[in-house]
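Student: What follows is a single structure, and I will ask about it in a moment.
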Amino acid sequence: MTIRNVLRDHGQRYRPRMACLKKAEKVVLEMQDPATGVKLQPQRLVITTIPHAITGEDIVAWLADRFQIDAQEARSFGSMLVALGYIYPIQDHKRLVVKPDASLYRFQTPYFWPTQQWPVEDTDYAIYLAKRNIRKKGILELHEQEQYNRLHKWMNHKWDFIVMQAKEQYRAAKERKKPDRVVFDCQERAYWVVHRPPPGTVSAMDYGLERLIDPNAHEAKTPDDYERIMIFTQQSIMRPRVKSSVSIGALVKYCATYKGHDPFLSKCLPSNPWLTDDVTYWALNMPNVEIPTKMRVERWTFSFGELLSDPRGRDDFRLFLKKEFSGENLAFWEGCEDLKWGTAATMKEKAEQIYKTFLARGAPRWINIDGKTMEITVKGLKHPHRYVLDAAQTHIYMLMKKDSYGRYLKSPVFKETMKKAVCPEEHKFSDSQLEQNARNRRPSLSPIIIRQQEQEQKAKMAASAPVDITQVMSKLSKQGKEAPPRRTSVKND
Amino acid sequence: FNLIMGKEECKTMLDALNKVTACYRHLVIALGSTSDSQNLREELKKTRKKAQELAVANRTKLTSLLKDKTISKEDRAEYERLWVLFSSCMELLEVDMKRSLEIAQDFPLKVPTRHLIQTGMTGSTTTVAARAMSVQNMKYEADSNIDTADLRDLQAEITQVSQMMEEMEMKVQVAPWAVEAKQEAGAELKSNMSVGNSSVGVISICEEEPKEEEGGGGSREAGFASICAVIGFFVIVIVALVLGYLVVNM
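Quick look at the structure:
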């Protein structure tokens with residue numbers, strides 16, 4: 001077909017593909033077969049009889065038979081068809097589910113089926129509400145009234161058209177015979193229950209965000225596309241390859257190391273909060289807890305990255321470095337992280353601050369990096385951007401990893417922490433205790449409060465800046481120059 | 001005088017287009033269901049042609065009116081309002097035409113393995129089509145393969161309509177959002193409602209809706225209740241007459 005099913009959508013929003021619709025249509029068409037389809041019965045009203053009604057139990061039975069599934073699944077499948085709008089309930093029209101009893105349903109006409117390329121227009125909804133207004137003589141349901149007022153405000157320029165069209169459609173509907181009129185009203189009402197659900201109704205029409213590219217459009221391949229494919233394949237060939245034995249070995253090692261620490265794979269001490277509703281696990285593993293758990297401390301020994309990424313581990317490491325008077329490395333690393341992740345407005349002054357504190361000649365917390373990296377960094381700082389200190393940061397990271405990390409793991413600080421680390425007992429809750437836990441669930445601290453606490457802590461740390469070896473040396477040298485007599489007097493004593 | 005005549009003409013033509021659009025929508029809704037038939041396809045074709053004639057006529061009239069630079073500001077506002085009415089009508093018509101093409105292709109009438117959807121609608125749509133064409137009775141003259149032969153015409157007509165709408169957007173400088181509607185909220189309740197058999201229809205449809213919610217059983221109860229009420233009334237009247245007779249005789 002050469003007709004493109006796209007109206008002049010100047011907003012260029014396209015609905016994403018709903019693959020389930022085509023499949024549901026096939027099922028509904030199969031249900032229509034007079035021989036093998038769903039059993040139909042007439043619906044008896046006061047004066048008229050309307051054919052082609054189906055009961056919920058017939059739908060469920062047919063689906064279970066056709067797809068060889070059990071009754072529960074057939075019921076969910078049927079409810080999905082109702083929620084999508086292919087079948088509508090006649091009696092409880094606001095609840096879009098299939099009840100496996102004698103409640104009646106009917107098939108929806110193809111015009112009112114959900115389609116991917118035809119969006120449901122507000123204009124049509126406004127016309128429907130106006131028609132309903134005429135029918136109900138001005139007494140609409142609450143949500144309908146709200147929608148009516150809203151549309152009247154936003155579609156005011158089309159309102160004359162809406163009123164005219166509503167009246168004409170109302171009159172045209174009267175031209176049909178009585179049973180058909182009733183069916184048409186039910187159909188239209190069902191359509192709008194699916195696409196403008198009243199409060200408390202769940203329809204299946206929540207398809208997510210609209211796309212910027214028309215999923216139905218055919219994209220012709222341009223020479224540019226082929227060029228991109230060529231570049232991609234060339235880069236893939238040039239990529240450094242690792243032997244599968246090596247990579248698989250690394251994977252196996254990783255799994256073996258972390259197997260005991262994964263709450264999905266092994267027991268979570270004391271108990272998994274998602275299962276038992278008891279938050280001890282989270283309380284014990286807070287970022288700034290005094291006494292960490294044994295598992296947590298064990299994880300710090302796996303790699304330097306683990307140690308640094310855990311806030312409690314970083315604190316411990318900082319304490320160790322303070323004792324060694326080499327805290328400037330970690331401080332520099334943290335400053336670089338701050339620069340990388342911070343807001344763009346503060347970047348320039350942050351970079352300058354870091355330069356003054358760590359990199360300049362005679363800086364108070366001077367870090368030891370090699371000449372080439374220093375050259376590159378200083379040159380980059382003329383036009384600072386987010387990643388200008390990357391080279392220096394990597395150098396310092398490797399330094400800490402190769403040098404300080406090893407010493408840390410053998411240090412008394414770490415041994416002390418490991419001794420004090422707590423290993424909680426496993427909880428054994430009875431069913432009634434589990435219920436009680438579920439009832440006592442409370443929300444955790446708001447992220448805003450947590451962020452404030454973090455910032456306060458940072459400010460406190462910045463205020464009480466730890467002493468580094470350069471500072472100590474400079475202080476000592478200053479002291480030496482200022483008060484030699486005092487020193488000699490001490491020496492004499 | 002000429003201007004007033006022009007406006008009245010416009011309004012009547014727009015009313016006619018509006019009526020045909022509403023009827024076309026009703027016909028398209030019946031496509032693919034058990035109301036579908038050869039006749040329905042022919043009705044769709046005829047209604048479509050009429051709609052197109054009206055559309056072209058409306059467009060020429062309105063464009064000529066809007067092009068006139070000598071009209072006053074109120075007149076121009078009025079013509080812009082009529083233009084918005086016209087373009088909204090055309091949008092609805094275009095969507096319905098495209099959808100009717102899709103559904104007609106999905107539900108060919110002659111294929112025995114392709115079943116129509118059992119929607120419960122079984123009556124014909126002749127009266128709706130007659131209303132659209134403004135005739136008393138519809139005459140059916142098409143061949144038996146109208147469902148497939150018509151589709152090519154329909155495609156051509158859809159392209160025509162789309163082109164017309166694009167031209168309209170390009171050439172006529174009317175800002176639709178600047179138009180103020182004359183009708184307030186709830187205006188549909190006020191004006192003269194349909195006369196004739198429809199008033200009876202209104203009440204009975206209202207009755208049908210809540211009854212459907214109770215189900216088939218509920219309707220029987222309601223019938224009983226009304227019969228009991230009538231019987232009770234007569235009993236009371238008879239008792240009153242008897243008492244009155246006794247009082248008189250005393």
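Heads up: the sequence lines are chains L and P, in that order. When you number the first sequence by the UniProt record's numbering, it's gap-free, plus one each residue, and the end is 493. When you number the second sequence by the UniProt record's numbering, it's gap-free, plus one each residue, and the end is 250. Every residue, glycine too, gets a C-beta built ideally from N, C-alpha and C. Just so it is clear, the structure is predicted and the values come from calculations on it, not from any experiment.
1. Helix, strand or coil for P:Q183? Go by DSSP, reduced to three states.
2. Please report how far the alpha carbon of L:M230 lies from the alpha carbon of L:V252, in whole angstroms.
3. Can you tell which of L:H395, L:Q455, L:L321 and L:T377 has its C-alpha closest to the C-alpha of L:K410?
4. May I ask you to verify whether the stretch 100–116 of chain P touches the stretch 30–46 of chain P, counting CB pairs closer than 8 Å and requiring at least 3?
5. Is the CB of L:V98 under 8 Å away from at least one CB in chain P?
6. Between the Cα of P:A22 and the Cα atoms of L:R181, L:W300 and L:E168, which residue gives the shortest distance?
7. Run the CB neighbour count on P:C89, radius 10 Å, all protein chains shown included, and call it buried at 16 or more, exposed below.
8. Enumerate in chain order the residues of its own chain whose CB-to-CB distance from L:D58 is below 8 Å, with the five nearest sequence positions on each side excluded.
9. Among residues of its own chain, excluding the 5 on either side of P:Q163, which ones have a beta-carbon nearer than 6 Å to its beta-carbon?
10. When the cut-off is 8 Å and only beta carbons count, does P:W83 lie next to chain L?
11. Does the Cβ-Cβ distance between L:P50 and L:V182 come in under 8 Å?
12. Any idea what DSSP makes of L:F358, helix, strand or coil?
13. Exposed or buried, what is P:I227 when buried is set at 16 or more other beta-carbons lying within 10 Å of its beta-carbon?
14. According to DSSP, L:A53 sits in a beta bridge with which residue or residues?
15. Can you pull the chain P neighbours of L:N216, defined as C-beta to C-beta under 9 Å?
16. Please classify L:I448 as buried or exposed, where buried requires at least 16 other C-beta atoms within 10 Å of its C-beta.
17. What does DSSP give as the partner residues of L:V422 in its beta bridges?
18. Touching or not, the stretch 382–398 of chain L and the stretch 423–434 of chain L, by the rule of three or more beta carbon pairs under 8 Å?
19. If you follow the beta strand (DSSP E) that L:Q139 is in, where does it begin and where does it stop?
20. Per the DSSP calculation, L:P89 is bridged to which residue(s)?
21. Quick one: grab the DSSP three-state call for L:I47.
22. Once you ignore the five residues that flank L:L269 on each side, which residues in its own chain have a CB closer than 8 Å to its CB?
23. Just to confirm the assignment, what range does the alpha helix (DSSP H) spanning P:M170 have?
24. If you draw a straight line from the C-alpha of L:Y14 to the C-alpha of L:K428, how long is it?
25. Check for me: the alpha helix (DSSP H) holding P:V95 runs from which residue to which?
26. For L:R211, which residues does DSSP report across the bridge?
27. Express the C-alpha separation of P:A178 and P:A16 in angstroms, rounding to a whole number.
28. Ends of the alpha helix (DSSP H) at L:M155?
29. Roughly how many angstroms lie between the CA atoms of L:P240 and L:R228, to the nearest whole one?
30. State yes or no: is the C-beta of L:V60 within less than 8 Å of the C-beta of L:A74?
31. Since P:M121 is in the alpha helix (DSSP H), which residue starts that stretch and which ends it?
32. Determine the chain L residues that contact P:P176 at a beta-carbon separation under 7 Å, and present them in chain order.
33. Hey, is the stretch 96–112 of chain L in contact with the stretch 192–210 of chain L, meaning 3+ C-beta pairs nearer than 8 Å?
34. Mind checking L:P162: buried by the 16 CB within 10 Å criterion, or exposed?
35. Since L:L40 meets chain P, which of its residues come closer than 7 Å, beta carbon to beta carbon?
36. Round the Cβ separation of L:T55 and L:A102 to the nearest angstrom and send it over; I've been treating them as touching at under 8 Å.
Tutor: If we stick to the structure as given:
1. Along the second sequence, one-based indexing puts residue 183 of chain P at 183. P:Q183 sits in coil when the DSSP states are folded into three classes, being neither helix nor strand.
2. One-based indexing of the first sequence puts residue 230 of chain L at position 230. One-based indexing of the first sequence puts residue 252 of chain L at position 252. Computed Cα separation, rounded: 35 Å.
3. Counting from 1 along the first sequence, the entry for residue 410 of chain L is found at position 410. Checking every option, the nearest Cα to that of L:K410 belongs to L:L321.
4. Look at the beta carbons and you see the stretch 100–116 of chain P touching the stretch 30–46 of chain P: at least three pairs across the two are nearer than 8 Å.
5. Taking the first sequence and counting its residues from 1, one reaches residue 98 of chain L at position 98. No - not a single Cβ of chain P is within 8 Å of the one on L:V98.
6. For the purposes of this step, residue 22 of chain P is taken as the residue at position 22 of the second sequence. If we check each option's Cα against that of P:A22, L:E168 comes out closest.
7. Taking the second sequence and counting its residues from 1, the one referred to as residue 89 of chain P is at position 89. Buried: at least 16 other Cβ atoms inside 10 Å.
8. Mapped onto the first sequence, residue 58 of chain L falls at position 58. Residues V38 and K39 of the same chain have their beta carbon placed closer than 8 Å to that of L:D58, with the five preceding and five following residues left out of the count.
9. Here residue 163 of chain P refers to the residue found at position 163 of the second sequence. Taken in chain order, the list of residues that qualify is empty.
10. Position 83 of the second sequence, counting from 1, holds the residue named residue 83 of chain P. It does not; no Cβ of chain L falls within 8 Å.
11. On the first sequence, residue 50 of chain L is found 50 positions in, with the first residue counted as 1. On the first sequence, residue 182 of chain L is found 182 positions in, with the first residue counted as 1. The sequence given here places Ile at residue 50 of chain L; Pro does not occur at that position. Yes, these two residues count as a Cβ contact at 8 Å.
12. Position 358 of the first sequence holds residue 358 of chain L. Helix at L:F358.
13. Counting from one through the second sequence, the residue named residue 227 of chain P turns up at place 227. The residue is exposed, with fewer than 16 neighbouring Cβ atoms inside 10 Å.
14. Walking along the first sequence from the start, residue 53 of chain L turns up at place 53. Paired residue(s): L:Q41.
15. Position 216 of the first sequence, counted from the start, is the residue given in the question as residue 216 of chain L. Per Cβ cutoff of 9 Å: no residues; L:N216 is ~12 Å from chain P at best.
16. Position 448 of the first sequence holds residue 448 of chain L. The Cβ neighbour count for L:I448, taken over all protein chains shown within 10 Å, is under 16; the residue is labelled exposed.
17. In the first sequence, counting from the first residue as 1, residue 422 of chain L sits at position 422. Its beta-bridge partners are L:T293.
18. Contact between the stretch 382–398 of chain L and the stretch 423–434 of chain L is not established, with fewer than three Cβ pairs separated by less than 8 Å.
19. Residue 139 of chain L sits at position 139 when you count from the first residue of the first sequence. One point to set straight first is that residue 139 of chain L is Ile, not Gln, in the sequence displayed. That residue, L:I139, is in no beta strand (DSSP E); it is neither H nor E in DSSP.
20. For this step, residue 89 of chain L is matched to residue 89 along the first sequence. Per DSSP, the beta-bridge partners of L:P89 are L:Y105.
21. Here residue 47 of chain L refers to the residue found at position 47 of the first sequence. Three-state result, L:I47: coil.
22. Taking the first sequence and counting its residues from 1, one reaches residue 269 of chain L at position 269. Y281, T293, M295, C423, P424, E425 and E426, listed in sequence order.
23. As a first step, residue 170 of chain P must be located in the second sequence, where it is residue number 170. If you look at P:M170, you'll find it in the alpha helix (DSSP H) that goes I146 to K171.
24. On the first sequence, residue 14 of chain L is found 14 positions in, with the first residue counted as 1. On the first sequence, residue 428 of chain L is found 428 positions in, with the first residue counted as 1. For L:Y14 and L:K428, the distance between alpha carbons rounds to 53 Å.
25. Walking along the second sequence from the start, residue 95 of chain P turns up at place 95. Boundaries of the alpha helix (DSSP H) around P:V95: K73 to D106.
26. Taking the first residue of the first sequence as 1, we reach residue 211 of chain L at position 211. Residue pairing of L:R211 in beta bridges, as defined by DSSP: L:Y14.
27. Along the second sequence, one-based indexing puts residue 16 of chain P at 16. Along the second sequence, one-based indexing puts residue 178 of chain P at 178. Spanning the two alpha carbons is a distance of roughly 25 Å.
28. Residue mapping note: residue 155 of chain L aligns to position 155 of the first sequence, counting from 1. Premise fails: L:M155 is in no alpha helix (DSSP H) and is neither H nor E.
29. Position 240 of the first sequence, counted from the start, is the residue given in the question as residue 240 of chain L. Position 228 of the first sequence, counted from the start, is the residue given in the question as residue 228 of chain L. So the alpha carbons of these two residues sit roughly 20 Å apart.
30. Position 60 of the first sequence, counted from the first residue, corresponds to residue 60 of chain L. Position 74 of the first sequence, counted from the first residue, corresponds to residue 74 of chain L. Here L:V60 is near L:A74, since their CB atoms are less than 8 Å apart.
31. As a working mapping, residue 121 of chain P is identified with position 121 in the second sequence. First-last for P:M121: undefined, no H or E at that position.
32. Taking the first residue of the second sequence as 1, we reach residue 176 of chain P at position 176. Correct list: H157.
33. These segments touch.
34. Translated into the one-based positions of the first sequence, residue 162 of chain L becomes position 162. Going by the sequence as given, residue 162 of chain L is Ile instead of Pro. Under this definition L:I162 is a buried residue.
35. Taking the first sequence and counting its residues from 1, one reaches residue 40 of chain L at position 40. Those within 7 Å of L:L40 in chain P are Q118.
36. The residue labelled residue 55 of chain L in the question sits at position 55 within the first sequence. The residue labelled residue 102 of chain L in the question sits at position 102 within the first sequence. L:T55 to L:A102, Cβ: 5 Å. Contact.
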